[in-house]
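*Asks:* Taken in sequence, the protein lines are chains W and Y.
Start counting the first sequence at 1; every next residue gets the next number (UniProt numbering).
Start counting the second sequence at 1; every next residue gets the next number (UniProt numbering).
Glycine residues also receive a C-beta, built at the ideal position from the N, C-alpha and C atoms.
Just passing along the structure, written as structure tokens.
2 protein chains.
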Amino acid sequence: MSNDKDSMNMSDLSTALNEEDRAGLVNALKNKLQNLAGQHSDVLENLTPPVRKRVEFLREIQNQYDEMEAKFFEERAALEAKYQKLYQPLYTKRYEIVNGVVEVEGAAEEVKSEQGEDKSAEEKGVPDFWLIALKNNEITAEEITERDEGALKYLKDIKWSRVEEPKGFKLEFFFDQNPYFKNTVLTKTYHMIDEDEPILEKALGTEIEWYPGKCLTQKILKKKPKKGSKNTKPITKTEDCESFFNFFSPPQVPDDDEDLDDDMADELQGQMEHDYDIGSTIKEKIISHAVSWFTGEAVEADDLDIEDDDDEIDEDDDEEDEEDDEDDEEEDDEDDDEEEEADQGKKSKKKAGRSQLAEGQAGERPPECKQQ
Amino acid sequence: MSNDKDSMNMSDLSTALNEEDRAGLVNALKNKLQNLAGQHSDVLENLTPPVRKRVEFLREIQNQYDEMEAKFFEERAALEAKYQKLYQPLYTKRYEIVNGVVEVEGAAEEVKSEQGEDKSAEEKGVPDFWLIALKNNEITAEEITERDEGALKYLKDIKWSRVEEPKGFKLEFFFDQNPYFKNTVLTKTYHMIDEDEPILEKALGTEIEWYPGKCLTQKILKKKPKKGSKNTKPITKTEDCESFFNFFSPPQVPDDDEDLDDDMADELQGQMEHDYDIGSTIKEKIISHAVSWFTGEAVEADDLDIEDDDDEIDEDDDEEDEEDDEDDEEEDDEDDDEEEEADQGKKSKKKAGRSQLAEGQAGERPPECKQQ
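So, in structure tokens, the structure goes:
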């Protein structure tokens, strides 16, 4: 594995405000924050009367901003909903082809010419479509064991939808009748606390109704009884094991926070982050670009993006000198000669084959759990 | 400090696709991915002719999707730009009041009645506005040392703007003439590699032209010469130290990745994440809601969101049973009895005063650097 780390995978940052795909970070500073909040009321009271008047006026301006921003959130949600609707017929077509509900032009002829040669005549749709797509994304691939593959072959579709109250989203995994479990839909729901400052409330998964002896999230260990023991039957012991299907039993926060010590809290945090990574990868990447994940093109695209960029950026170094046309008049005169930048990182991007640096949540707390 | 961890601060997830505020995560798996990509071409070649035909058709559908998605990105960017423009007059007004360029109604009278009593008559605008705002956000507060405060009192405004080529954003810190450094604008620019899969290329900062002896990012240590030494002058030694102004000297990736061992790479990754957290906090939170950060209301709002939600969600538990109206016809019949969810996390949210769990980047790699 390479250690190259020239870049960080992170926000495109093309808008000012957004509540999406923000992964929030630990706030173990709550008490401190409450204290700060208290202090700040004092700060306001201690202002001299003219300054307080000005701050009151500023608060009105802030209120106007907040109203505008609320409208922005509304309009953006409407835009997103519009496109989700536009995408639906394409998702339906994909479903029908993948599962052999409809046949594409030309494929029937191919089936005929192949008949007798091999098993392809019997193949309906695109076998293992979702299994292969999930195995080609590194986040989801890590979750899939060899044992899981048998069950994931029966996966017919994955969909996501918004959940409004409480805010969040739901993933639905549609399965064909299969020898592993009774359910035909497995769901995973993420409930968020707030829109602007999105906070995960909890993650919920469908309880899987495994057929006897078919549970993929547990292993049965058989032990021979000790010699001389009266009991001659083998002792069986079940043990939790790795499986993609653990995704439907997300980590649970204990009722009483005091049951958690720092290490347990860190571990739980890590588990919840991991669980959310999988869910959001499926929602953001797999569902929308499943065909490209199936073919592997989505993997290649990730690579190409990086290499294209290496060439591109070298030509753009002088872009930094562009004027920011949003500047206030008072400040325009300050804006010319201050753009010398300590640009030591430039060369490293030319190196091909490097990997991307991790990045904590944009605008949120850093990924470490801050305990004090 | 509390260890309560009932919730994770993360994406609101209200849209399907977004490139914003995603903090990407480590991809040290690049070689593996390239191998996978290679394997996948083989997968395609090994498909039987009818299946290959179907996959070709699916790729056309995916292309249609990608075109729609590109339009969505365009429309969303336009919407965001529209609102950024709408916000500008409010930002300008704020600037003028904060810096005493204009006086608000009523404040002049207050100044008169105060005259002679204390120094308030001389106060222009809202003193220390940005310093206090930055100190009330826990991400930025952590960066500010006591020494920094003297210089940050001269901060007149902070603005952000998009950078188009390469994609990213620029923060501009406008300073009044001050005894610390010559610059009147300090900038920090984040360059991203790609829009859909946003990856940080590099971060650049203005080189600060400190006045002699005024550098806040270094400390001068004076040592007495050793007894008996011929040199009787004290030895001075400069040492880097903590300072908000280190934000303008972001971590640099070395030219040659091979110079980095795993531990160094992890450390660098952590530094880059931390640096990006500060930048995106300023862009996403501080600039847009500076007044609320100044007054402390933004801190309180964070708390209130959580507590409000505790009450709210308990009433919404049955929302899970809503039908997803985007389901394909083929699947609707499967969609009724599968919503039993393992809902053990529910109780914990009732506890007040708990804090938020950290969350890695939605849809991206988990925050740890995966080295293999």
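Alpha carbons only, please: which of Y:106, Y:207, Y:201 is nearest the one belonging to residue 217 of chain Y?
*Replies:* The shortest C-alpha separation from residue 217 of chain Y is found at Y:207.
*Asks:* List the whole-angstrom C-beta distance separating residue 145 of chain W from residue 242 of chain W, where the pair is believed to meet the contact cut-off of C-beta under 8 Å.
*Replies:* Rounded, the Cβ-Cβ distance is 6 Å, consistent with contact.
*Asks:* Is the closest heavy atom of the ligand MN to the C-beta of residue 178 of chain W under 7 Å?
*Replies:* The ligand content of the structure shown is nil, which means the ligand MN is not present either.
*Asks:* So with Cβ pairs under 8 Å, would you call residue 150 of chain Y a contact of chain W?
*Replies:* Output row for residue 150 of chain Y: interface = no.
*Asks:* Measuring CA to CA, which of Y:245, Y:269, Y:151 is closest to residue 253 of chain Y?
*Replies:* Answer by Cα proximity: Y:269.
*Asks:* Using C-beta distances below 6 Å, list every residue in its chain close to residue 168 of chain W, excluding the 5 sequence neighbours before and after it, in chain order.
*Replies:* The answer, listed in chain order, is 190, 191, 192.
*Asks:* How about residue 179 of chain W: is its C-beta nearer than 8 Å to some C-beta of chain Y?
*Replies:* Answer no: the Cβ-Cβ gap between residue 179 of chain W and chain Y never drops below 8 Å.
*Asks:* For the beta strand (DSSP E) containing residue 191 of chain Y, name the first residue and the last one.
*Replies:* That run of the beta strand (DSSP E) goes 185-192.
*Asks:* Please name the residue or residues paired with residue 168 of chain Y in a DSSP beta bridge.
*Replies:* Answer is Y:163, Y:191, bridged to residue 168 of chain Y.
*Asks:* State the Cα-Cα distance for the pair residue 129 of chain Y and residue 200 of chain W, rounded to the nearest angstrom.
*Replies:* Going by the C-alpha atoms only, they are around 32 Å apart.
*Asks:* Answer with yes or no whether the minimum CB distance from residue 153 of chain Y to chain W is below 8 Å.
*Replies:* For residue 153 of chain Y, the answer is no, since every Cβ of chain W falls outside 8 Å of its Cβ.
*Asks:* Using a cut-off of 7 Å between C-beta atoms, extract the partners of residue 93 of chain Y located in chain W.
*Replies:* Simply 61.
*Asks:* How would you call residue 281 of chain W, buried or exposed, if buried means at least 16 neighbouring beta carbons within 10 angstroms?
*Replies:* Its Cβ being crowded by 16 or more others within 10 Å, residue 281 of chain W is buried.
*Asks:* Going by the CB atoms, is the gap between residue 245 of chain W and residue 148 of chain W shorter than 8 Å?
*Replies:* It is a contact, given that the beta carbons lie within the stated cut-off.
*Asks:* Determine the DSSP secondary structure at residue 279 of chain W, reduced to helix, strand or coil.
*Replies:* Reduced to three states, the DSSP call for residue 279 of chain W is helix.
*Asks:* Could you tell me the distance, in whole angstroms, from the CA atom of residue 272 of chain W to the CA atom of residue 250 of chain W?
*Replies:* Cα to Cα, residue 272 of chain W sits roughly 8 Å from residue 250 of chain W.
*Asks:* Can you list the residues of chain Y that residue 64 of chain W reaches, using a CB-CB cut of under 7 Å?
*Replies:* The answer, in chain order, is 90.
*Asks:* Quick one: which chain Y residues come within Cβ less than 7 Å of residue 72 of chain W?
*Replies:* The contacting residues are 83.
*Asks:* Indicate whether residue 163 of chain W and residue 51 of chain Y have their beta-carbon atoms separated by less than 8 Å.
*Replies:* For residue 163 of chain W and residue 51 of chain Y, no; Cβs fall outside 8 Å.
*Asks:* Tell me whether residue 239 of chain Y sits in a helix, a strand or coil according to DSSP, three-state version.
*Replies:* Strand, per DSSP.
*Asks:* Going along chain Y, which residues have a C-beta under 9 Å from residue 97 of chain W?
*Replies:* Those within 9 Å of residue 97 of chain W in chain Y are 54, 55, 57, 58, 61.
*Asks:* The alpha helix (DSSP H) spanning residue 85 of chain W covers which residue range?
*Replies:* Here the alpha helix (DSSP H) through residue 85 of chain W covers 49-98.
*Asks:* Pull up the DSSP beta-bridge partners for residue 203 of chain W, would you.
*Replies:* Residue 203 of chain W is bridged to W:190.
*Asks:* For the alpha helix (DSSP H) containing residue 124 of chain W, name the first residue and the last one.
*Replies:* Here residue 124 of chain W belongs to no alpha helix (DSSP H), and DSSP marks it neither H nor E.
*Asks:* Report the rounded CA-to-CA distance for residue 226 of chain Y versus residue 215 of chain Y, giving the unit in angstroms.
*Replies:* So the alpha carbons of these two residues sit roughly 27 Å apart.
*Asks:* Name the chain Y residues whose beta carbon is nearer than 9 Å to that of residue 143 of chain W?
*Replies:* Within chain Y, no residue comes near residue 143 of chain W; the closest Cβ sits about 12 Å away, beyond 9 Å.
*Asks:* Report yes or no: is there a C-beta of chain Y within less than 8 Å of the C-beta of residue 76 of chain W?
*Replies:* Closer than 8 Å to some Cβ of chain Y, the Cβ of residue 76 of chain W qualifies, so yes.
*Asks:* Report the residue from W:142, W:105, W:58, W:106 whose alpha carbon sits nearest the alpha carbon of residue 105 of chain Y.
*Replies:* The residue with the shortest Cα to Cα distance from residue 105 of chain Y is W:58.
*Asks:* Sort out for me which residues DSSP pairs residue 224 of chain W with in a bridge.
*Replies:* Answer by DSSP bridge pairing: none, since residue 224 of chain W is not bridged.
*Asks:* Using CA atoms only, rank isn't needed, just tell me which of Y:85, Y:124, Y:55 is closest to residue 94 of chain W.
*Replies:* Comparing Cα positions, the closest option is Y:55.
*Asks:* Per DSSP, residue 157 of chain Y is paired with what?
*Replies:* Bridge partners of residue 157 of chain Y: Y:174.
*Asks:* So residue 134 of chain W packs on residue 287 of chain W, CB below 8 Å; how close in whole Å?
*Replies:* In fact, because the Cβ distance is near 11 Å, the residues do not count as touching under 8 Å.
*Asks:* Buried or exposed for residue 109 of chain W, going by 16 or more other Cβ atoms inside 10 Å?
*Replies:* Per the 10 Å Cβ criterion, exposed.
*Asks:* From residue 179 of chain Y to residue 155 of chain Y, what distance separates their C-alpha atoms?
*Replies:* Taking the straight line joining both Cα atoms gives about 12 Å.
*Asks:* Using DSSP with H/G/I as helix, E/B as strand and the rest coil, what is residue 218 of chain Y?
*Replies:* Of the three classes helix, strand and coil, the one that applies to residue 218 of chain Y here is strand, per DSSP.
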